[in-house]
Amino acid sequence: MRVRKLIVGAAAAVAAAAVLGACSSPSEQPVGLAAGQGTVPITTTTETTTTPPTTTPPTSSSSTSSSSSSPTSTKSTTSKPPTSKTTTSSKPKPEQSKEAPCSTAAKACIKLSTNQSWLMENGKVVYGPVPITHGRKGYPTPPGSFRVTFKNKNHKSSIFNNAPMPNSVFFNGGIAFHQGSLREKSHGCIHLSPGASQKYFASLSVGDVVEVVR
């Protein structure tokens, strides 16, 4: 019986030691059993797991200096050609003649209100004044500056029954200097005496300026 109790007691001590070893930290010693029962050595195996340090390969931060050389954008500037200003040199306005009521540009001058006419050269009177008659009512002789267009020594009117118009010098459409009556007004033309009409015909050329003033 005693031997049996010893065996049972020893088994209980081993079980208790196993339980204490399982819940304690590795530095604690197992609790001793009752006196006389002896001690059961408990071998505690401490398994040390050494975790190798994680070696992260050094990141070689190679600073790639990307020198991005942006291409120089050359703007093609199309320069406009300089605008050439065409300066129209206008001729100075002719001065007023001191010898007749027309400008110095006139080669022939007519004053309707006084029924007079002059031949001129550079503002100076070279012939005249001579008496004239001009357009009647309904056929006025318009004032203005004109140029001689053509001449006809033996012209006849195509409008008024082939009426003779000797020494005709046309300067405004169908209006002309010509030999005509100094007592009757015309249909717009300038009547001159026979001698004056010859002088005007001989003196005036195509392109000459004829000025008519009121």
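Residues -21 to -1, 1 to 193, numbered by mature numbering (1 follows the signal peptide of the UniProt record, and there is no 0), are exactly what the sequence shown covers, in order.
Here a beta-carbon is modelled for each residue, glycine too, at the ideal position from N, C-alpha and C.
All figures in this text were calculated on a predicted structure; none of them were measured in a lab.
Given residue i, which residues of its chain have a CB within under 7 Å of its CB, disregarding the five upstream and five downstream residues?
i	result
glutamine 75	Ser82
proline 173	Gln158
serine 92	Arg193
valine 188	Ala84, Ala85, Lys86, Ser124 and Arg126
proline 80	Cys88, Lys90 and Val192
Run the CB neighbour count on residue i, radius 10 Å, all protein chains shown included, and call it buried at 16 or more, exposed below.
i	result
valine 191	buried
residue 223	Because the chain is modelled from -21 through 193, residue 223 falls outside the range shown and cannot be assessed.
phenylalanine 125	buried
phenylalanine 180	buried
asparagine 146	buried
phenylalanine 129	exposed
glycine 159	buried
isoleucine 138	exposed
glycine 152	exposed
lysine 70	exposed
serine 44	Low confidence applies to serine 44: its pLDDT is 41, below 50, so where it sits in the model is not reliable enough to give any reading.
lysine 164	buried
threonine 38	Residue placement at threonine 38 cannot be trusted, given a pLDDT of 47 that sits under 50; what the coordinates show is reported in the next sentence. Counting Cβ neighbours within 10 Å, threonine 38 comes out exposed, since fewer than 16 surround it.
lysine 178	buried
Cutting at 6 Å between CB atoms, please list the residues of its own chain near residue i, excluding the five before and the five after it.
i	result
threonine 120	His113, Gly114 and Gly167
tyrosine 118	His166 and Gly167
valine 185	Val127
Rounded to the nearest angstrom, how far is the Cβ of residue i from that of residue j, given a contact under 8 Å?
i	j	result
alanine 155	valine 148	6 Å
histidine 170	leucine 183	Not a contact, Cβ separation roughly 16 Å.
Pull up the DSSP beta-bridge partners for residue i, would you.
i	result
arginine 126	Val188
phenylalanine 149	Phe129 and Ala155
Quick check: is the beta carbon of residue i nearer than 8 Å to any beta carbon in chain D?
i	result
arginine 162	Protein chains in the displayed structure number just one, and chain D is not present.
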